[in-house]
Amino acid sequence: MHARHQAVLPDWLALYYQRPIEITHGEGRHVWDAEGKRYLDFFGGILTTMTAHALPEVSRAVAEQASRIIHSSTLYLNRPMVELAERIARLSGIPDARVFFTTSGTEANDTALLLASTHRRSNQVLAMRNSYHGRSFSAVGVTGNRGWSPTSLSPLHTLYVHGAVRGRGPFAALSDAEFTAACVADLEDVLGQVHGGVAALIAEPIQGVGGFTSPPDGLYARFREVLDRHGILWISDEVQTGWGRTGEHFWGWQAHAAAGPPDILTFAKGIGNGMSIGGVVARAEIMNCLDANSISTFGGSPVTMAAGLANLTHLLENDLQGNARRVGGLLIERLRAATAGLDAVREVRGRGLMIGVELVRPGGERAAPELASAVLEAAREDGLLIGKGGGHDTSVLRIAPPLSLTVAEAEEGAAILEAALTKAVAGAR
Ligand code: PLP
421 MHARHQAVLP DWLALYYQRP IEITHGEGRH VWDAEGKRYL DFFGGILTTM
471 TAHALPEVSR AVAEQASRII HSSTLYLNRP MVELAERIAR LSGIPDARVF
521 FTTSGTEAND TALLLASTHR RSNQVLAMRN SYHGRSFSAV GVTGNRGWSP
571 TSLSPLHTLY VHGAVRGRGP FAALSDAEFT AACVADLEDV LGQVHGGVAA
621 LIAEPIQGVG GFTSPPDGLY ARFREVLDRH GILWISDEVQ TGWGRTGEHF
671 WGWQAHAAAG PPDILTFAKG IGNGMSIGGV VARAEIMNCL DANSISTFGG
721 SPVTMAAGLA NLTHLLENDL QGNARRVGGL LIERLRAATA GLDAVREVRG
771 RGLMIGVELV RPGGERAAPE LASAVLEAAR EDGLLIGKGG GHDTSVLRIA
821 PPLSLTVAEA EEGAAILEAA LTKAVAGAR
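The numbering used here numbers the first residue of the sequence shown as 421 and each following residue consecutively.
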């Protein structure tokens with residue numbers, strides 16, 4: 421994109437690359453820029469292109485629906501909305517589930533916080549340190565990292581707890597069991613200090629923007645015992661972890677299965693394969709707690725719903741969750757082997773096709789954001805798109821291709837990434 425085009429955009433708009441890329445079209449796991457250059461897409465539109473770019477079934481469903489009617493207002497029903505709601509309610513694992521559609525993950529989390537606060541008559545909430553939940557006023561208010569939270573003002577009173585990231589402080593040397601016990605004690609301690617009730621805990625099962633960091637499996641099951649004792653709802657933000665991306669599970673909360681399903685589940689990103697669909701699932705008793713009528717003007721719009729139905733059908737019929745498990749497993753192993761000799765790589769971690777490569781300054785333990793940017797630039801040159809993220813002391817390359825990635829594409833991307841890392845590390849010396 422040329423500088424003259426950027427001049428009308430806000431200064432705080434996050435754009436990758438010194439010379440931003442203007443994408444014109446895509447197919448499968450590839451996209452093309454305005455100069456005709458082809459890229460293997462290892463970031464899947466920030467985990468949004470779930471199945472494949474320009475998946476014919478989705479494109480056809482969008483065109484067919486758009487040719488009949490584009491929007492009828494959510495004051496009326498439309499068939500694709502009802503069918504998608506029925507399927508998501510069944511898949512969610514939540515009993516007596518109701519689904520409300522929004523147009524983004526932010527709006528889904530905002531709605532979840534509104535429901536929980538209203539249901540529990542409290543605006544106090546628990547959130548995880550290093551979390552990201554979106555950019556509305558209340559979503560920013562539960563975002564536990566200054567880097568992604570442009571204001572400290574909030575309509576919520578938020579208490580941040582440990583559990584999502586082990587970091588490099590006092591928790592670093594603990595085993596999973598010791599870390600879990602320490603986090604449960606921290607949660608109890610925080611709750612012991614609060615006046616009045618707390619409405620909910622909101623948490624990403626695996627932190628996305630925070631650098632693809634996972635708590636130990638089962639941590640949220642242990643948290644749940646404490647939450648239940650205090651009458652606090654559990655909101656699982658599945659915006660990045662839903663739809664089988666982690667390979668082993670359809671939802672991220674299932675890594676904490678002993679907890680049972682969350683009280684409220686939020687989703688977005690992958691389900692629309694790029695169309696703007698977000699949503700909230702909750703038991704009827706919670707979903708129905710609002711006093712007055714409300715709609716989302718564009719939530720549940722027929723064209724997006726038709727896309728979601730076609731995309732979900734393709735995902736399930738082609739077992740793309742199984743593909744994420746198999747190809748993601750190979751990719752992690754390949755990246756671990758390729759980076760074993762690089763002291764700038766602290767860890768290759770992940771589940772399924774949600775893989776993080778944590779970078780440090782050569783020989784050190786400190787974050788290396790310049791190195792992450794240099795790797796992105798070098799990979800771009802060689803035709804590979806990846807993401808970056810991380811908490812206040814981490815720099816992480818984020819790899820999250822469409823779930824239909826082939827073994828050959830995984831090999832090709834890993835080779836480009838290996839070369840980009842080697843080049844960037846050499847340049848940093
Ligand atoms: N929740 C999580 C875990 C996210 O990663 C994001 C976006 O990256 C959001 C919520 C916000 O979603 P959206 O950008 O669709 O508003």
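Even for Gly, the Cβ is constructed at its ideal location relative to N, Cα and C. Because the structure is a prediction, the values reported are computed rather than measured.
By the Cβ test, the segment 664-682 is in contact with the segment 762-779, since at least three Cβ pairs between them sit closer than 8 Å. Judged by beta-carbon spacing, Thr523 lies within the 8 Å limit of Ser716, meaning their Cβ atoms are closer than that value.
The DSSP-derived three-state label of Val585 is coil. DSSP, reduced to helix, strand and coil, places His473 within a strand of the structure shown.
As the crow flies, the alpha-carbon of Asp657 is around 33 Å from that of Arg458. Sequence-distant Cβ neighbours of Pro789 in its own chain, meaning closer than 6 Å and more than five residues away, are Ser815. In this structure, DSSP gives Thr522 an extended state, which the three-state scheme calls strand. At a Cβ-Cβ threshold of 8 Å, His553 and Leu653 do not count as neighbours. The three-state secondary structure of Lys808, taken from DSSP, is strand.
Here the C-alpha atom of Asn731 lies approximately 20 Å from the C-alpha atom of Ala528. With 16 or more other CB atoms across the displayed protein chains lying within 10 angstroms of its CB, Ser542 is buried. Ala481 is positioned such that its CB atom lies closer than 8 Å to that of Ala726. When the alpha-carbon of Ile655 is set against those of Gly719, Phe643, Ile443 and Trp663, the nearest one is in Phe643. With respect to Gly561, Ser574 sits close: the two C-beta atoms are nearer than 8 Å. Shown here for Ser721: same chain residues with a beta carbon closer than 6 Å to its own, the five before and five after excluded, namely His491 in chain order.
Here Leu755 is actually not in contact with Gly664; their C-beta atoms are around 21 Å apart, not less than 8 Å. Cα atoms of Leu533 and Ser487: separation of roughly 36 Å, rounded to the nearest angstrom. Just so you know, the alpha carbons of Asp802 and Ala702 end up roughly 45 Å apart. Residue side-chain check: His615 keeps its Cβ at 7 Å or more from all non-hydrogen atoms of ligand 1. Judged by the Cβ position, Ala688 qualifies as a neighbour of ligand 1 at the 7 Å threshold, a heavy atom of the ligand being closer than this.
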